[in-house]
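Quick note, the sequences are listed as chains A and B, same order. Positions 125 to 466 (my numbering) are the ones given, in order, by the first sequence. Positions 13 to 384 (my numbering) are the ones given, in order, by the second sequence. Beta carbons: idealized from backbone N, C-alpha and C, even for Gly. Because the structure is a prediction, the values reported are computed rather than measured. One structure is given below, encoded as structure tokens.
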Amino acid sequence: MTLDVMPDVTRDTPRKAAPLLEADGLVRIYETRKGLFGQPVPVRAVNGVSLKVAQGETLGIVGESGSGKSTLGRMLLGVDPSQEGVVRFAGAPLPAAGTPAWRALRAHMQMVHQDPLAALDKRLTIADQIREPLDIHARGNRAERRARVAELMQAVGLRPDQAGRYPHELSGGQRQRVVIARALACGPSLLVCDEPVSALDVSIQAQVVNLLADMQAANGLAMVFISHDLKVVRNLADRVAVMYLGEIVEEGPVEAVFAAPQHPYTQALVSSVPAPGKRLDGRMILKGEPPNPAARPAGCAFHPRCPHAVASCRAEAPALVPTAAGRRAACHLVGGADRLAA
Amino acid sequence: MSRSHLVQIRDLSVAFDGVPVLHGIDLDVAPGEAVGLVGESGCGKSVTWLAALGLLPAKARVSGQVRLGAVDLVGAQRATLEGVRGAKVAMIFQDPSSALNPVIRAGRQITEALGIHRGLKGKAARREAVRLMELVGIPDPARRFDLYPHEFSGGQCQRLMIAMALAGEPDLLVADEPTTALDATIQAQILDLLATLREEMGMAVVFISHDLGAVAQVCERICVMYAGRIVESGPVGRVFDAPRHPYTRGLFDALPSLTGPRTRLSPIPGTVPDPRALPQGCAFAPRCARAVAVCSLQRPRLEPDADGRALACFDPVPADARTPAEAQHPAARASAAVRAVDEAAPPFMPGPHGAGPAGSGPDRGRWQEAAQ
Ligand SMILES: Nc1ncnc2c1ncn2[C@@H]1O[C@H](COP(=O)(O)OP(=O)(O)OP(=O)(O)O)[C@@H](O)[C@H]1O
Ligand SMILES: Nc1ncnc2c1ncn2[C@@H]1O[C@H](COP(=O)(O)OP(=O)(O)OP(=O)(O)O)[C@@H](O)[C@H]1O
Ligand code: SF4
Ligand SMILES: [Mg+2]
Ligand SMILES: [Mg+2]
């Protein structure tokens with residue numbers, strides 16, 4: 125299956141269709157307080173993110189822990205408010221969270237969370253949890269709903285005998301399959317997955333990855349797939365966006381980006397991926413303090429840890445600009461890409 | 013294996029509501045050693061250590077032995093267990109949100125642990141807590157000391173839990189999926205951190221993870237579990253270069269790769285069996301491509317092999333079969349070459365791998381009466 129990948133910014137070819145999901149200049153600021161009487165310190169968790177996802181396309185999002193991936197994922201669905209910027213779904217700005225229009229839209233855009241235990245209701249059996257969205261959005265009659273629940277459970281690898289169990293009676297991986305089945309219940313057109321297979325063992329992970337790929341092929345499901353597992357992202361995504369401290373620092377077709385990362389952070393990320401047979405010492409372990417979103421470094425946010433940083437990196441923030449066909453990066457030295465290879 | 017053991021688990025079994033989920037685990041951890049525990053969801057990795065530390069709900073029936081020095085932890089008094097937990101053995105739990113108290117500030121949760129295990133109070137406790145937060149890579153720990161858990165990212169919560177676990181300077185750290193929520197660069201730092209702590213504090217680590225790559229980097233020894241039993245164990249290098257239990261091999265085949273063509277992934281067919289209706293014979297037989305007639309009748313016992321591993325299989329993958337890891341990762345080829353030298357010694361399994369086990373003498377020893 126070939127997909128209409130990201131609009132080629134360098135050539136400005138006309139796109140086939142408007143993107144299903146479009147975010148423009150999203151900013152999310154959390155206020156945290158220092159001590160009991162301290163001044164609130166603004167934390168720019170997401171700092172001006174723009175992205176597009178076409179129907180049937182999967183955008184992978186990877187990046188440093190705390191870089192704002194989960195926050196961004198929630199903003200894309202309107203669950204988390206944005207201080208600046210706009211999200212458009214099928215061409216129209218998202219209705220305000222909590223309104224009936226927004227609730228109705230949620231049948232089409234679903235989320236799979238990072239922590240299955242927090243996402244599930246401890247008092248409901250897993251069959252009831254999977255059926256819940258069908259009830260809320262009034263899909264089918266009782267028998268049809270029951271059949272759909274059985275179908276979903278089988279699709280995600282849960283046994284029929286587990287239907288009456290409660291979340292705490294399942295293992296961690298089994299719980300996440302319940303969450304995925306529930307998200308797929310209404311046949312959404314967009315799925316925002318936040319670390320959906322992180323809690324799963326490799327075999328079920330392979331099943332779920334294949335399942336998500338199948339859903340996409342069959343229904344034109346679009347996905348935003350947040351994960352720290354680059355191998356899974358590479359297998360599933362068409363494009364990938366790499367985040368660092370609230371911003372996208374690199375973006376492009378997933379195979380190209382992972383085969384030849386341009387931004388120094390992406391280079392460190394790709395070199396850190398553990399693989400059987402690859403020793404710890406062969407990795408490029410990042411030095412220096414992990415970034416603090418409450419005190420962004422001046423210039424390029426990555427410069428204090430960047431092995432290539434030059435004077436301009438400390439002074440001026442690099443913009444996310446086209447670097448190659450379908451690729452963008454935010455680094456003074458890229459584009460310019462061959463200088464980094466030296 | 014002459015090192016005296018820090019923890020010695022013998023025939024550890026657990027049942028919930030009369031349904032056995034752990035069927036007699038034998039596992040030793042030497043001081044300072046790093047042991048990896050892998051296996052599919054629900055195979056009993058967490059339950060093994062929750063049982064060992066007396067953390068299962070009252071309805072769980074636990075039998076067997078868990079020796080820590082002279083003490084047997086199975087059926088031990090609450091006070092004994094509380095003295096062990098955190099101070100001698102600390103555990104990092106799988107669900108970060110369930111282990112951190114959402115209504116207590118992050119820093120205080122660490123100072124409380126420091127108070128209990130090391131008697132630190134006030135300023136000293138605070139200083140040490142900030143140091144621990146810094147050690148595990150929380151940015152700006154002094155300011156973030158007073159934040160609540162929900163104000164940290166998922167990965168940061170995981171790091172907070174590692175800091176809490178380290179508060180008691182334990183002899184053994186049981187880390188249940190400690191890097192699951194972390195990005196690759198932080199994961200590399202945490203794995204590095206665990207390696208450093210092992211070296212500096214002589215701390216042993218049990219590393220529960222489904223990330224085979226991470227296990228390979230942290231651990232010296234690996235145990236592969238399936239349906240409540242250990243099915244293969246041995247030195248990490250050997251098991252990873254040439255997985256021999258068909259289940260272990262299946263785990264490797266299911267891995268996506270960062271290089272090479274993007275192909276559909278190959279999960280192990282079927283699902284993990286219901287603990288209430290375990291197949292007779294080898295629990296993996298219904299999903300196993302190598303299964304022969306005897307596999308569905310009798311249960312293979314975990315038996316030591318000539319090359320330092322233990323294996324519970326009637327028809328294991330031949331030791332020289334190329335692993336997908338070697339095919340995918342050029343770096344692995346170097347170790348494969350080393351392995352080839354190791355294997356100058358005659359392999360334990362004679363004959364072609366297609367031959368039924370009934371014909372090969374050494375395998376008789378594996379047989380055992382079928383499970384009831
Ligand atoms: N409710 C909140 N209040 C204050 N700060 C928050 C809140 N939620 C998140 N943050 C902060 O915002 C930043 C981004 O958090 P987010 O959870 O989006 O990161 P992430 O990229 O998903 O990280 P991870 O990979 O660890 O899940 C972090 O620095 C985090 O501490
Ligand atoms: N409190 C409980 N009550 C009933 N059954 C339980 C309970 N806790 C665990 N189990 C069952 O025990 C078995 C082993 O669970 P365990 O949590 O040890 O799996 P695991 O190997 O850690 O899996 P995962 O990789 O998903 O974390 C599973 O079948 C699970 O459903
Ligand atoms: S912009 Fe400069 S500092 Fe930032 S990453 Fe690129 S090179 Fe390093
Ligand atoms: Mg997150
Ligand atoms: Mg577990």
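Quick check on T447/A - is its C-beta less than 8 angstroms from some C-beta in chain B? no
Rounded C-alpha distance that separates G190/A from V167/A: 11 angstroms
Using the three-state DSSP reduction, which class does G166/B fall into: helix, strand or coil? helix
Using a Cβ-Cβ cut-off of 8 angstroms, state whether D325/A counts as contacting chain B. yes
Please determine if the stretch 309–318 of chain A and the stretch 339–346 of chain A are in contact, where contact requires at least 3 C-beta pairs separated by less than 8 angstroms. yes
Which residue wins for smallest C-alpha separation from M367/A, given the options A383/A, L393/A, A380/A, K355/A? L393/A
Where do the ends of the beta strand (DSSP E) carrying V79/A lie? Residue 79/A lies beyond the range of chain A shown here (125 to 466); nothing can be said about it.
Backbone secondary structure at V353/B - three-state DSSP: Any reading at V353/B needs caution, since the residue's pLDDT is 30, under 50, leaving its predicted position unreliable; the model's value is listed next. It is helical.
May I ask which residues mark the beginning and end of the alpha helix (DSSP H) holding A72/B? Careful: A72/B lies outside any alpha helix (DSSP H), inside the beta strand (DSSP E) at 72–80.
Counting only the same chain and skipping the five closest in sequence on each side, list residues whose C-beta sits under 7 angstroms from that of L201/A. M233, M235, V316
Measuring straight from C-alpha to C-alpha, what distance separates L39/B and P219/A? 56 angstroms
Count the CB pairs spanning the stretch 57–69 of chain B and the stretch 196–211 of chain B that are closer than 8 angstroms, and state whether there are at least three. no
Distance, Cα to Cα, I185/A vs M103/B? 31 angstroms
Thinking C-beta only, is V173/A closer than 8 angstroms to E371/A? yes
Please compile the residues from chain B whose C-beta is within a distance smaller than 9 angstroms of the C-beta of K355/A. G225, L267, P268, S269, L270
Three-state class that DSSP yields for D23/B in the structure shown: strand
What residues match up with P152/B in a beta bridge as DSSP calls it? Note on residue identity: the sequence assigns Asp, not Pro, to residue 152/B. According to DSSP, which records beta bridges pairwise, D152/B is partnered with nothing at all.
Are V47/B and C231/B close, meaning C-beta to C-beta below 8 angstroms? yes
Just mark A271/A as buried or exposed, buried being the case when its beta carbon has 16 or more other beta carbons within 10 Å. exposed
So is the beta-carbon of K355/A under 7 angstroms away from any non-hydrogen atom of ligand 4? no
Touching or not, the stretch 324–333 of chain A and the stretch 270–285 of chain B, by the rule of three or more beta carbon pairs under 8 angstroms? yes
Between which two residues does the alpha helix (DSSP H) carrying P258/B extend? 258–265
Are the CB atoms of V50/B and L263/B within a distance shorter than 8 angstroms? yes
Cβ neighbours of F219/B in the same chain (closer than 8 angstroms, five flanking residues each side left out): A46, V47, G48, L49, A187, P190, L206, A226, V227, V230, C231
I'd like to know if Q168/B contacts chain A, where contact means its C-beta is closer than 8 angstroms to some C-beta of that chain. yes
Residues of the stretch 274–287 of chain B with Cβ closer than 7 angstroms to any Cβ of chain A, in chain order: R274, R276, L277, S278, P279, I280, T283, D286
Can you check the stretch 270–335 of chain A for any alpha helix (DSSP H) of at least 4 residues that lies completely inside it and give the ranges in chain order? 296–308
Exposure label - A305/B; buried when at least 16 CB within 10 Å: exposed
Environment of S165/B [buried if 16+ CB atoms lie within 10 Å]: buried
Could you tell me whether any non-hydrogen atom of ligand 2 is closer than 7 angstroms to the CB of S53/B? yes
Should L159/B and A111/B be called a contact, given that it needs their Cβ atoms to be closer than 8 angstroms? no
Where the beta strand (DSSP E) containing H35/B begins and where it ends: 31–41
On the three-pair Cβ rule with 8 angstroms, is the stretch 63–81 of chain B touching the stretch 128–146 of chain B? no
Kindly list, in the order they appear in chain B, the residues whose Cβ is closer than 8 angstroms to that of H456/A. Neighbours of H456/A on chain B: none; closest Cβ ~21 angstroms, over 8 angstroms.
Hey, would you say the C-beta of A196/B is under 7 angstroms away from at least one heavy atom of ligand 1? no
Take A27/B and list the residues in its own chain whose beta-carbon comes closer than 6 angstroms to its own, dropping the five residues that flank it on each side. R73
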